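Read in order, the letters of the sequence shown correspond to residues 1 to 257 in the working numbering.
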Amino acid sequence: MIDYHSHSIYSDGKNTYHETLNRAINKNLKEFGFSDHLCIYYPDWAIKKENFQNLINEIIKIKSRKDLPIEVKFGLEVDYIENREDEIRKCMELFPLDYVIGSVHYVGNWNFDTKSNGYRSKDINEFYKEYYRLIQKAARSGLFDIMGHIDVVKKFNYFPGFDLNTIYEQTAKVFSESDVIIEFNTSGKDKPCKEFYPSREFLQHCYNHDVPVTLGSDAHRAKDVARYFPEALEKLKLIGYTQLASFTNRERKFLDF
Ligand SMILES: [Zn+2]
Ligand SMILES: [Zn+2]
């Protein structure tokens with residue numbers, strides 16, 4: 001199996017690449033991807049500019065090892081910031097990447113992913129509409145291979161007053177047209193929403209629109225690598241998925257599961 005979403009001490013994770021990789025090896029994964037946060041705002045939870053080269057050197061060194069029983073991938077989780085696409089692209093191009101996860105953590109200046117306060121003063125209907133507008137624009141930007149935790153807006157259990165199926169359907173269609181894939185991100189189960197990202201309903205729309213999927217634990221600690229993967233695979237199978245997408249040098253292929 002593969003885990004394409006993890007964080008290390010280069011961004012907001014708690015462990016080194018080596019500690020995280022050892023856990024992935026112990027979990028018998030076939031492929032493991034490092035995907036620290038890259039954000040052109042340079043918040044304290046993302047990779048610092050002065051660490052770019054060290055991070056690159058470290059991953060290249062790991063990837064060149066011949067003794068590893070696992071395929072290591074160089075990924076990043078990159079923040080989509082509207083109207084800053086060129087800047088994001090230039091920054092990403094500094095890294096020799098296998099894949100890029102595109103995530104939306106900001107609506108306007110608000111990072112809705114880090115703190116639950118802030119939701120109470122917001123119009124939740126508008127927040128959802130704005131988030132899905134941004135995630136669709138992110139998909140269309142051509143910057144990304146994989147869309148990250150696509151319904152993370154549910155994280156703190158704030159839901160809009162309208163039925164989300166129309167937005168899910170539209171968004172799945174945009175993913176399909178933009179030739180991006182989604183990740184089934186298991187971290188949501190440990191969050192207040194207690195559910196993987198995306199929900200079964202949203203996953204079904206993605207499947208109906210032939211949007212491929214890959215797997216990510218979004219581990220910020222080595223011990224969370226591949227968390228809940230047996231359950232995730234069962235859920236994917238129930239929807240109808242039989243393959244996971246894998247990337248090398250930003251080229252996609254598929255693995256049966
Ligand atoms: Zn994220
Ligand atoms: Zn992440």
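Each residue gets a CB set at the ideal place from its N, CA and C atoms; glycine is no exception. Note that the structure is a prediction, hence the values are computed from the model and not measured.
Keeping to the same chain, check which residues put their C-beta closer than 8 Å to that of Ile-59; ignore five residues upstream and five downstream.
Tyr-17, Phe-34, Val-72, Phe-74
Using a Cβ-Cβ cutoff of less than 6 Å, which residues in the same chain neighbour Cys-193 once the five nearest sequence positions on both sides are dropped?
Lys-154, Lys-155, Asn-157
Cut-off 7 Å between Cβ atoms - residues of its own chain near Lys-122, not counting five sequence neighbours on either side
none
Is Asp-218 near ligand 2, in the sense that its beta carbon is under 7 Å from a heavy atom of that ligand?
yes
Counting C-beta neighbours from all protein chains within 10 Å, is the total for Pro-212 16 or more, i.e. buried, or is it exposed?
buried
Helix, strand or coil: how does DSSP classify Gly-148 here?
coil
Alpha carbon to alpha carbon, what distance is there between Ile-88 and Tyr-80?
8 Å
Nearer than 7 Å: is that true of the beta carbon of Glu-31 relative to any heavy atom of ligand 1?
no
Taking Cβ to Cβ, would you say Glu-261 is nearer than 8 Å to Ala-222?
The shown model of the chain, from 1 to 257, leaves out residue 261, and the question about it has no answer.
From Ser-187, Phe-127, Ile-56, Lys-63, pick the residue whose C-alpha is nearest to that of Asn-109; which is it?
Phe-127
Taking 7 Å as the cut-off, does the CB of His-7 come closer than this to any heavy atom belonging to ligand 2?
yes
Can you look up Tyr-106 in the DSSP assignment and give me helix, strand or coil?
strand
If you draw a straight line from the alpha carbon of Lys-90 to that of Ile-47, how long is it in whole angstroms?
15 Å
What do you get for Leu-97, buried or exposed, if any count of 16 or more other CB atoms within 10 angstroms of its CB means buried?
buried
Check whether the stretch 226-243 touches the stretch 62-69, taking contact to mean three or more Cβ pairs, one atom from each stretch, closer than 8 Å.
no
Given 7 Å as the limit, tell me if Glu-183 has its C-beta closer than that to any heavy atom belonging to ligand 2.
no
Ordered along the chain, which non-local residues of its own chain (more than five positions away) have a Cβ less than 8 Å from that of Gly-118?
Trp-110, Phe-112
With Arg-7 and His-220 assumed to form a contact (beta carbons below 8 Å), what rounded beta-carbon distance in angstroms separates them?
Here residue 7 turns out to be His, not Arg, going by the sequence shown. Their Cβ separation, rounded to whole angstroms, is 5 Å, which keeps His-7 and His-220 in contact under 8 Å.
Based on the DSSP output, what are the partners of Gln-243 in its beta bridges?
Asp-256
Verify whether the separation of the beta carbon atoms of Val-107 and Tyr-132 is less than 8 Å.
no
So what does Asp-3 bridge to, in DSSP terms?
Phe-32
Looking at Phe-229 and Leu-215, is the spacing between their C-beta atoms short of 8 Å?
yes
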